[in-house]
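Per this note's numbering, residue 76 is the first one in the sequence shown, and the count goes up by one each step.
Backbone N, C-alpha and C define an ideal beta-carbon position, used for all residues, glycine too.
As the structure is a prediction and not an experimental result, all values here were calculated from the model.
Below is one structure; the comments refer to it alone.
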Amino acid sequence: MKGAVLVVEDEQAIADLVRAYLRRDGFDVVWARSGEQALEELGRHPVRLVVLDIGLPGIDGFEVCRRLRARTTVPLLILSARDDEVDRVAGLEAGADDYVTKPFSPRELVARVKAILRRSGGGASAVEGPLTADDVELDPASRSVRVGGEPIELTAREFDLLAALLAHPGVVLSRDRLLELVWQGGFPGGTRTVDVHIAQLRAKLGRPDLVATVRGAGYKVEP
Ligand code: CA
Numbered sequence: 076m077k078g079a080v081l082v083v084e085d086e087q088a089i090a091d092l093v094r095a096y097l098r099r100d101g102f103d104v105v106w107a108r109s110g111e112q113a114l115e116e117l118g119r120h121p122v123r124l125v126v127l128d129i130g131l132p133g134i135d136g137f138e139v140c141r142r143l144r145a146r147t148t149v150p151l152l153i154l155s156a157r158d159d160e161v162d163r164v165a166g167l168e169a170g171a172d173d174y175v176t177k178p179f180s181p182r183e184l185v186a187r188v189k190a191i192l193r194r195s196g197g198g199a200s201a202v203e204g205p206l207t208a209d210d211v212e213l214d215p216a217s218r219s220v221r222v223g224g225e226p227i228e229l230t231a232r233e234f235d236l237l238a239a240l241l242a243h244p245g246v247v248l249s250r251d252r253l254l255e256l257v258w259q260g261g262f263p264g265g266t267r268t269v270d271v272h273i274a275q276l277r278a279k280l281g282r283p284d285l286v287a288t289v290r291g292a293g294y295k296v297e298p
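As structure tokens, then:
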């Protein structure tokens, strides 16, 4: 038993498909038809990951995402019919860890669910002790980040991105390399996804100079 995945989807056919594939891989699945129901279910079951549709009756997926983020760090994968970049960025900004657009391959969806769980399971970093740069301190064991001693909240993905950069001080990591390290197997948004996350990370850290852009090459953190 690998723990429950909460699938928030109002379309029965899609919910059935997602459930069938997740169950085939040994996951327990809890199904919610609306955002309101999802928030209730989350208080009722231990949930390891949420697969979230955007177009829902009642509150939409972005709002669910924000409300979930206000109370939990549970990994979140958005499954949406909307494929324009604005929504993709909105989803990531609302705190999603990954984004899959419909029509989707159920096998790919399951692979992404597993990848997110691998990362959030603490296996993301082989580094034992805290990683630091300036007054930013990242502790892989507790998956926490402090800036000037004050804790800040990052999504799982932002955390892994910062961890990857801090683990390679002075080394320029290309967008492709970061996709490999942090997204393990790609992301539909491609390398642009890295830029979006870097921007969010800089904003949350409040240290715009900590992660330097190396034009035409990628990103790095100075030792
Ligand atoms: Ca829907």
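Closest Cα partner of residue i within the set the options
| i | options | result |
| --- | --- | --- |
| LEU81 | SER109, ILE89, ARG99 and VAL125 | VAL125 |
| THR266 | LEU254, TYR96 and ARG277 | LEU254 |
| LYS177 | ASP103, LEU127 and HIS120 | LEU127 |
| VAL33 | ASP103, ARG221, ALA238 and VAL289 | Nothing can be reported for residue 33: it is not among the residues displayed for the chain, which extend from 76 to 298. |
| LYS189 | THR148, ARG123 and ILE129 | ARG123 |
| VAL149 | ALA79, GLY291 and GLY133 | ALA79 |
| ALA145 | ASP103, PRO215 and LEU229 | LEU229 |
| PRO132 | ALA231, GLU86 and LEU143 | GLU86 |
| GLY118 | ALA216, LEU143 and ALA95 | LEU143 |
| THR147 | PRO215, ALA88 and ALA231 | ALA231 |
| PRO298 | ALA216, LEU206, SER217 and VAL164 | LEU206 |
| ILE191 | PHE234, ALA88, ALA216 and ALA95 | PHE234 |
| SER195 | ALA238, VAL164 and GLU160 | ALA238 |
Straight-line Cα distance separating residue j from residue i
| i | j | result |
| --- | --- | --- |
| LYS279 | ILE227 | 7 Å |
| SER109 | LEU154 | 14 Å |
| ARG282 | GLY101 | 42 Å |
| ARG252 | SER180 | 24 Å |
| SER249 | ALA186 | 24 Å |
| ARG135 | PRO121 | Reading off the sequence shown, one finds Asp at residue 135, where the question assumed Arg. Their Cα atoms are separated by approximately 23 Å. |
| VAL175 | ARG157 | 10 Å |
| ALA171 | ARG193 | 16 Å |
| VAL93 | LEU151 | 15 Å |
| TYR96 | GLY264 | 24 Å |
| GLY291 | GLU160 | 22 Å |
Residues near residue i in its chain [Cβ-Cβ closer than 6 Å; skip 5 each side]
| i | result |
| --- | --- |
| TRP258 | none |
| ALA169 | PHE137, CYS140 and ARG141 |
| ALA107 | VAL83, ALA113 and GLU116 |
| GLY166 | ILE153 and TYR174 |
| GLY293 | VAL247, LEU248, SER249 and ARG250 |
| VAL164 | VAL271 |
Nonlocal neighbours in the same chain, by C-beta distance under 7 Å from residue i, ignoring five residues either side
| i | result |
| --- | --- |
| GLY224 | none |
| GLN112 | none |
| ALA90 | VAL82, GLU84 and TRP106 |
| ASP210 | VAL222 and GLY223 |
| ALA216 | none |
Endpoints, beta strand (DSSP E) assigned at residue i
| i | result |
| --- | --- |
| THR268 | Unbroken run through THR268 is the alpha helix (DSSP H), 266-280; no beta strand (DSSP E). |
| ASP299 | One cannot answer for residue 299 here, as it falls past the ends of the chain, which runs 76 to 298. |
| GLU225 | 225-227 |
| ALA231 | Looking at the DSSP string, ALA231 is not in any beta strand (DSSP E); the run it does join, the alpha helix (DSSP H), is 231-241. |
| VAL220 | 219-222 |
| VAL80 | 79-83 |
| VAL286 | 286-289 |
| GLY293 | 293-296 |
Close Cβ partners of residue i (< 8 Å) along its chain, the five nearest in sequence each way excluded
| i | result |
| --- | --- |
| VAL296 | ALA208, LEU240, LEU241, HIS243, PRO244, GLY245, LEU285, VAL286 and ALA287 |
| SER219 | LEU213 and PRO226 |
| LEU236 | LEU253, VAL257, VAL269, HIS272, ILE273 and LEU276 |
| GLU183 | VAL175 |
| ASP162 | ILE129 and SER155 |
| ARG98 | VAL104 |
Start and end residues, alpha helix (DSSP H) containing residue i
| i | result |
| --- | --- |
| ARG252 | 250-253 |
| PRO181 | 181-193 |
9 Å Cβ cutoff, residue i in contact with chain D
| i | result |
| --- | --- |
| LEU152 | Annotation note: the requested chain D is absent from the structure, which comprises a single protein chain. |
Residues near ligand 1, CB to any non-hydrogen atom under 5 Å, in chain order?
Cβ atoms closer than 5 Å to ligand 1 belong to ASP85, ASP128 and GLY130.
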